[in-house]
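In our numbering, the protein residues as written are 10 to 152. Beta carbons: idealized from backbone N, C-alpha and C, even for Gly. Data block below; observations after.
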Amino acid sequence: MASITSIMRWAAAAVMVCLSCGSLHAEPARDAIMKTLADEAKAKDPGVSTFSAERGKAFWLATHSGGKPDTPSCTSCHGKDPGAPGETRAGKRIEPMAVSKNPTRFTKPDEVAKWFGRNCSSVLGRECTALEKGDVLQFLSSQ
Ligand code: HEC
């Protein structure tokens with residue numbers, strides 16, 4: 010018969026393993042992208058200390074102006090819930106943006122740069138700043 014202590018020991022081990030499940034720092038390729046953005050953001054404004062998931066969330070959900078009228082928000086295509094799939098204007102499925110649901114997200118620098126370029130231009134009519142990009146990735150990595 011399994012004793013209470015052995016069950017508790019098993020539960021403690023399971024908790025230990027899962028401490029790394031949702032870690033923001035589990036993926037070196039994503040960390041490198043964040044580091045590059047952080048260096049860029051600091052070069053522009055030495056007052057920038059860290060990226061903020063809160064700011065990233067607000068930016069992600071906001072209705073912006075300056076871009077194309079049918080895509081005023083990141084959520085116009087990606088949807089309001091980062092854990093759920095989105096859809097392009099043409100109805101093509103976009104896999105979830107939340108890293109917990111889609112662990113390969115934001116691990117290829119070229120892809121990240123290409124899509125920030127296109128999507129910021131569609132939504133804002135300009136490039137996103139390094140701070141905006143870092144905040145968004147911080148938010149989506151925490152989801
Ligand atoms: C017109 C539709 C559309 C809008 C609006 C849009 N996106 Fe995207 N986004 C896409 C598509 C399509 C992809 C590529 C498919 C994929 O990665 O699943 C993509 C991919 C990305 C990627 C790359 C993901 C990766 O895994 O490297 C980032 C970053 C991104 N979007 C950020 C944003 C941000 C920030 C906004 C708001 C400023 C935004 N997107 C608005 C359609 C859109």
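- For S12, the Cβ stays outside the 7 Å cut-off from all heavy atoms of the ligand HEC.
- Of the heavy atoms belonging to the ligand HEC, none sits nearer than 7 Å to the Cβ of S151.
- Of the heavy atoms belonging to the ligand HEC, none sits nearer than 7 Å to the Cβ of R135.
- The C-beta distance from G143 to M43 rounds to 6 Å, short enough to meet the 8 Å contact threshold.
- In this structure the region 49-68 does not lie against the region 107-119, because fewer than three pairs of beta carbons, one per stretch, are closer than 8 Å.
- In the DSSP assignment, R64 falls within the alpha helix (DSSP H) that extends over A62 to L70.
- Just so you know, the alpha carbons of S82 and W19 end up roughly 45 Å apart.
- For V57, no alpha helix (DSSP H) run applies, since DSSP gives it neither H nor E.
- A straight-line Cα-Cα distance of about 17 Å links K101 and S131.
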